[in-house]
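S.K.: Here it is: the structure, laid out below.
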Amino acid sequence: MAMSTRSRRSQVTNYWPGFVDALSSLLLVIIFLLSLFMLSQFFLGQEISGKDTAMSRLNAQIAELTELLQLEKVNSSDLESTIATLTATLSSTTTERDQMAAQLAGAGAGSDGKDATIAQLESDLAAQQDMSREATAQVALLNQQLAALRTQLAALEQALQASEATETANRTQIADLGRRLNLALAQRVQDLSRYRSDFFGKLRQVLEGRADVRVVGDRFVFQSEVLFDAGEAAISTEGQTELAKLASAIRELQTQIPADVNWVLRIDGHTDKRPINTPEFPSNWELSAARAIAVAKYLITQGVPANRLVPAGFGEFSPIDPGDSDEAYRRNRRIEFKLTE
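Take the sequence shown: its position 59, counted from the start at 1, is 41 in our numbering, and no numbers get skipped.
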């Protein structure tokens, strides 16, 4: 009877741990996507900030051109006033000259006693003529300056219009750049998530049935005992068998990921917090790094490209179990594989 009861209990499948793992994986994927979105917003903000700086410089140039345009308009107005004044003076001088010429003609019909007066009038007439010629020359010069100012005003107006057109084009370009950057980042996040899901699915198939190999968040975790003996960085025979399965899954994944997706497999070595202090490994950092490098080198011998592997040693400083029990130490001694950019 007792054996029958145990048999029925063993046939009952406990789905709760799998459900919890699925929810944890989903939550971590969501957190990963949010992190990538925040990163994309940061780079987009940097790009928009640069464009805003360029627009600020354009606005400053537009303000400077507008100020120059106002100054040239004021100078043009002053020159026109001066020309009007000189024209009035020239007209007055011409009138006086005509009056003197008339007086000179009248004086010529009189007696010889008026020679002195005639001489004086002729001298005054010559002086007035000199003044008239000088005024005419000044008017011509001012007309030339006025024409040059009008040309400068036209050039300034064209430059102002060009600056305004450039500013409008820059704003349109910034908006389009932001839209395209968001689309590209969203596509990259979606692609990498899909390939990571395929990769994890393949690894679950090849490593099915091993309790010491599990998925934690967005990474696969091997307990160190699967690959290494205690305090060693040389991969055991059993570990080489398991890593060969992993290398096969990586090579299959490589044929599916497009060449423009810059993916890498990060290999993280972790130890427990008990000091090792041996001649070969003075600290846990050296041990964890040596194990990660050993895994990377073995995967390379199995056909995985070296530029797709990133070994890293974390020592005892990233534990997943803060306890001091043997079980906590065992859980913290691990090799993690993470597919990332």
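Ideal placement from N, C-alpha and C gives every residue a C-beta, glycine not left out.
When you compare only the Cα positions, how much space is there between Pro287 and Gln143?
M.R.: Approximately 56 Å, taken between the alpha carbons.
S.K.: With three or more beta-carbon pairs closer than 8 Å as the criterion, would you say the region 295 to 312 touches the region 244 to 264?
M.R.: Output reads yes: the region 244 to 264 touches the region 295 to 312.
S.K.: Helix, strand or coil for Ile302? Go by DSSP, reduced to three states.
M.R.: Three-state DSSP puts Ile302 in coil, outside helix and strand.
S.K.: Which residue marks the beginning of the beta strand (DSSP E) containing Asp250, and which one marks its end?
M.R.: Residues 246 to 252.
S.K.: What residues match up with Glu29 in a beta bridge as DSSP calls it?
M.R.: Its beta-bridge partners do not exist; DSSP assigns none.
S.K.: Assuming Leu131 and Asn57 make a contact with CB atoms under 8 Å, what is their CB distance in whole Å?
M.R.: Indeed, because the Cβ distance is near 6 Å, the residues count as touching under 8 Å.
S.K.: Pull up the distance between the alpha-carbon of Leu124 and that of Asp112, whole angstroms please.
M.R.: Distance between the alpha carbons of Leu124 and Asp112 is about 18 Å.
S.K.: Any idea which residues DSSP pairs Ala294 with across the strands?
M.R.: Ala294 is bridged to Asp250.
S.K.: Alpha carbon to alpha carbon, what distance is there between Ile30 and Ser218?
M.R.: Ser218 and Ile30: Cα-Cα distance of roughly 53 Å.
S.K.: Under 8 Å Cβ to Cβ from Asp211, same chain only, skipping five residues before and after it: list those, please.
M.R.: Counting only Cβ-Cβ distances below 8 Å, and skipping sequence neighbours, we find Ser218.
S.K.: Return helix, strand or coil for Val243, following the three-state DSSP convention.
M.R.: Three-state result, Val243: coil.
S.K.: Have a look at Ile156, Thr69, Ala136 and flag the residue whose alpha-carbon is nearest the alpha-carbon of Arg115.
M.R.: Answer by Cα proximity: Thr69.
S.K.: Roughly how far, in whole angstroms, is the beta-carbon of Leu135 from the beta-carbon of Leu51, given that I think they are within contact range, below 8 Å?
M.R.: Contact flag correct, Cβ pair sits at about 7 Å.
S.K.: Quick one: grab the DSSP three-state call for Gln43.
M.R.: In the structure shown, Gln43 sits in a helix (DSSP, three-state: H, G or I).
S.K.: Could you tell me whether the region 305 to 320 touches the region 257 to 264, using the rule of 3 or more Cβ pairs below 8 Å?
M.R.: Contact between the region 305 to 320 and the region 257 to 264 is absent, because fewer than three Cβ pairs lie under 8 Å.
S.K.: Give the DSSP-derived three-state secondary structure of Ile329 in the structure shown.
M.R.: This structure cannot settle anything about residue 329, because the visible part of the chain is limited to -17 through 323.
S.K.: Pull up the CB-CB distance for Ala215 and Ala278, whole angstroms please, since I reckon it's below 8 Å.
M.R.: Actually they are not in contact, since the Cβ atoms of Ala215 and Ala278 sit about 12 Å apart, beyond 8 Å.
S.K.: Under the rule that 16 or more other beta-carbon atoms within 10 Å means buried, what is Asn41, buried or exposed?
M.R.: Exposed, since its Cβ has fewer than 16 Cβ neighbours within 10 Å.
S.K.: Would you kindly check if the distance between the Cβ of Val203 and the Cβ of Glu224 is under 8 Å?
M.R.: Going by C-beta atoms, Glu224 is not nearer than 8 Å to Val203.
S.K.: Tell me the DSSP secondary structure of Arg315 in three-state form.
M.R.: Three-state result, Arg315: coil.
S.K.: Are there 16 or more other CB atoms within 10 angstroms of the CB of Thr75, so buried, or fewer, so exposed?
M.R.: Label assigned to Thr75: buried.
S.K.: May I have the straight-line CA-CA distance separating Val188 from Gln222, to the nearest angstrom?
M.R.: Below a pLDDT of 50, predicted positions are generally treated as unreliable, and Val188, at 49, falls in that range; the measurement from the model is reported next regardless. Rounded to whole angstroms, Val188 to Gln222 spans 14 Å at the Cα level.
S.K.: Can you tell me whether DSSP reads Gln143 as helix, strand or coil?
M.R.: Three-state DSSP puts Gln143 in a helix.
S.K.: Tell me, please, whether the CB atom of Glu146 is closer than 8 Å to any CB atom in chain B?
M.R.: As a matter of chain content, chain B is missing from the structure shown, which is built from one protein chain.
S.K.: Measuring straight from C-alpha to C-alpha, what distance separates Pro261 and Trp267?
M.R.: Taking the straight line from one Cα to the other gives about 13 Å.
S.K.: How would you label Met82, buried or exposed, when you count the other beta carbons within 10 angstroms and need 16 or more for buried?
M.R.: So Met82 ends up on the buried side.
S.K.: Excluding the five sequence neighbours on either side, which residues of its own chain have a C-beta within less than 7 Å of the C-beta of Ser300, listed in chain order?
M.R.: Cβ neighbours of Ser300 beyond the five flanking positions: His252.
S.K.: Cβ atoms of Lys320 and Arg201: under 8 Å apart, would you say?
M.R.: A contact, by the Cβ cut-off of 8 Å.
S.K.: Tell me the residue span of the beta strand (DSSP E) that contains Val203.
M.R.: First-last of the beta strand (DSSP E) with Val203: 201 to 205.
S.K.: Note the first and the last residue of the continuous alpha helix (DSSP H) segment covering Gln236.
M.R.: Its alpha helix (DSSP H) spans residues 219 to 236.
S.K.: Whole angstroms is fine: what's the gap from Leu5's alpha carbon to Gly213's?
M.R.: Rounded to the nearest angstrom, the two C-alpha atoms are 35 Å apart.
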